[in-house]
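In UniProt numbering, the protein residues as written are 1 to 642. Everything below concerns the one structure shown next.
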C-alpha cells in the first residue's frame, strides 16, 4: 500500500514529529496539515531558549530529532498551543490590570462564588490579537479561534516534508509551488526507479529475438516498443523490466461483469507500471487508466490481396477512344468524303482540260472521283496527304476543316495512347469499406476484443453498423485471436477474405508480403499511447519525453527502422520500383494488335490484287472471244492493256 499509486492525507497536525525516513523513497503521496512551522526562526528560538533554560537548572529536555537536517528540534502542536494560551492569558491579564484595580482573593471550589473579574478577563482575551508560535491568535465573539493558517505539507524523497501551500478559513487552499517544481520533483523521483512494463508479442512492436543462445529478461525482446521505452528511460533515468501479459490480450471490458482483461487488468491490479504495445487510446480505456500523449497516429483500414493484373488486350491500341467515338469518326470520314465528291462535282473550278496543249478540247476532267475523295480524306486522317489537291474555295474549306478535325483527334489519340499502353490495369473487386458493405461474397473480420471491433460495434454510421451485423452473423466466425491469424487468413483466402486492422500494422505487413495491399483510406483517426495505472504521477514526465523524441525525429527513425529495414522490410519496395521502371516498356502483348492489323491489311491487299488480276483476265478473255468471233487480229485485243 506504500506504492506510487496510493495517496494518504494525515489528519494529525504533528506529522513533522514522526520519523518518515522509511517512507520517503516509496513514491507514495503523503500529505498533511500543520499549524506550527518548525522552520520558523521564532519557534526555533523559543525551543532553544527553553532547552538552555532547563539546562541552567541541570535538567535535560528531550525534544526529539526532526527529519529536517536544518531543524534539529521540533515542538508538538499541543505544546505550542499551550505556550500561546499562557501568553494570551498573561497579556489579557496585564491589559485588565492596567485598566482597573484587580483584587485577588481565595475562592472555594465548593462555593458558588465567582471571581468578579472573570468575565472581564474573558472579554479581554477575545479582543486581544497577538502573534504566537501558532500564528496570529484571534477569536470571534463566541470564543472560537479565527483567521488561523494551516500549512499544507508533502513528503518527498529529497527534502522530506516540504510546504506546498496554505489553507485559511477565508481563502481556502492556496498552493505555492509552481508546475515546474512539481515536474522537477516527479523527474527526480524517477531516477533509478524500476518500472514493470507489460507488453504483448506483436510485430514489430515487441518480438522475441532470433538467437541460438537462451536469453532472459529484457534481452529476449526487441522491437519498436522496446526501443521506445529505452529512449524514454534514457531521458528520464529510470530502469524497466518487460513482462508479457499472461492472457495475451490487449484489454477489453466485459459488459456483464464490468471487469477488464489483458494489459488493462495488469495496470488496474497494479501488477505493472506501464503498458506499451499497439494499444489504442479509446474512450473506455481512458476512463479506466491514464494514457500518455500518442506516440503514433493511425486509423482503421482494409488489408486485402493485391488485385489481379489484367492481361493486355490484343487490340489495346483502340482503347484511347471509345467505341462511340470510333463509330463517329468512321461516319465523319465517309460523310466528308461524299461531301467532297459532291462539292467537287458542283464546283466549276474542279473541272480541268486533260490536254492543256489542246485548248479547243471539249472534254473536261475532275480528279475528285468517289474513290479519290475517299483516298484524300483517309490520307489526311493518317497525317500523310495525297497527290490530289482541291482547287475550289468550297472544297478547300472542306479540306481545311477536315484537317483541323484530324489534328485534334490524332493528337488526343496519341496523348491517350501512351497511358493506355504503359499503365497496368488492375482488376480489384473492392475499393473501399462501402464496397465491402454492399457485397456478401467477400468475408471480412477483425481482431476479437480489439479496438477495431469496438469501433464497428459502437459506431452510429449505417455502413459500419451493417458491416458489424454481417461480421457477427458470419459462420464460421470472421474474428481472429491475433493479427497474425488475420493476415494468414487473407493470404489463404485468395481474395475471399479481407481483414480490418490498424493502418500501421497494414504498412508493416505489406512491406514484407508482396501479395497483400491496403485498400481504401482510413475509416477513423486514433493513436497509440503508453498506458499507466489511474492517477499515475509519471504521466506528464513520460508524455514530455515522447514529445521530445518526436521533435528530435527519433520516433520517425524508429518507425523507419522497424517497418522498412529490420526483419525483411523493404522487400516489396524493390519490386515496386522495378515494376514502375518497367511500366514504360511495351511488350508484344501491348502492341500485338497493330501487327495483326498490318498483317491483315497485307493479306486483304493480296486478296484484292488476285481478284483484280482475275477480274481483268476474265475481261481480257471475253475481249479475245469477241475478237475471234469478229475476225480481227488478236493483238488488237491487247491495245487496251498497252
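For glycine and all other residues, C-beta sits at the position ideal for the given N, C-alpha and C. On a predicted model such as this, the values are computed, not experimentally measured, just so you know.
- Collapsing the DSSP output to three states places residue 606 in a helix.
- Note that the region 124 to 131 touches the region 90 to 97; at least 3 beta-carbon pairs, one per stretch, sit closer than 8 Å.
- DSSP places residue 563 in no beta strand (DSSP E); its state is neither H nor E.
- Secondary structure of residue 321 (DSSP, three-state): coil.
- Per DSSP, residue 59 is not a residue of any beta strand (DSSP E), being assigned neither H nor E.
- The bridge partners DSSP lists for residue 206 are 202.
- Under the three-state reduction of DSSP, residue 328 is assigned to helix.
- By the C-beta density criterion, residue 628 is exposed, having fewer than 16 other C-beta atoms within 10 angstroms.
- When C-alpha distances from residue 268 are compared across 459, 253, 280, 456, the shortest belongs to 253.
- Fully contained in the region 222 to 285 are the following alpha helix (DSSP H) runs of length 4 or more, in chain order: 224 to 236, 262 to 268.
- With a cutoff of 9 Å on beta-carbon distance, residue 498 and residue 304 are scored as near each other.
- Distances from the CA of residue 435 to each of 519, 469, 265 were compared; the closest alpha carbon is that of 519.
- The beta carbon of residue 567 sits closer than 8 Å to those of 203, 204, 207, 512, all from its chain and outside the five residues before and after it, given in chain order.
- In this structure residue 526 is buried. Its beta-carbon is surrounded by 16 or more other beta-carbon atoms within 10 angstroms.
- Spanning the alpha carbons of residue 174 and residue 488 requires a straight line of approximately 60 Å.
- In the structure shown, residue 491 falls within a helical segment according to DSSP collapsed to helix, strand and coil.
- For the 9 Å CB-CB criterion, residue 151 and residue 37 form a contact.
- Taking the Cα of residue 484 as reference, the smallest distance to any Cα among 447, 457, 471, 462 is reached at 447.
- Fully contained in the region 421 to 464 are the following alpha helix (DSSP H) runs of length 4 or more, in chain order: 433 to 438, 451 to 458.
- Residue 174 sits in a strand when the DSSP states are folded into three classes.
- With fewer than three CB-CB distances shorter than 8 Å, the region 137 to 154 does not count as touching the region 107 to 114.
- Apart from the 5 residues on each side of it in sequence, residue 259 sits with its Cβ closer than 8 Å to the Cβ of 253, 265 in its chain, given in chain order.
- In the three-state DSSP reduction, residue 411 falls in the helix class (H, G or I).
- Contact between residue 478 and residue 441 is ruled out by a C-beta separation of about 13 Å, above the 8 Å threshold.
- The residue from 88, 522, 466 with its alpha-carbon nearest to that of residue 501 is 522.
- Under the three-state reduction of DSSP, residue 151 is assigned to strand.
- The criterion of a C-beta distance shorter than 9 Å is not satisfied by residue 133 and residue 51.
- An exposed status is given to residue 354, since fewer than 16 other beta-carbon atoms sit within 10 Å of its beta-carbon.
- Under the three-state reduction of DSSP output, residue 180 falls in the helix class.
- For residue 373, the CB contacts under 8 Å within the same chain, skipping 5 residues up- and downstream, are 337, 338, 340, 341, 344 in chain order.
- Here the alpha carbons of residue 516 and residue 495 stand approximately 10 Å from one another.
- Residue 531 has 275, 291 as its beta-bridge partners, per DSSP.
- Here residue 521 carries a coil assignment [DSSP, helix/strand/coil].
- Judged by DSSP secondary structure, residue 163 falls within the beta strand (DSSP E) whose first and last residues are 160 to 168.
- Of the candidates 319, 475, 600, 538, 538 places its Cα closest to the Cα of residue 290.
- In the three-state DSSP reduction, residue 474 falls in the coil class, being neither helix nor strand.
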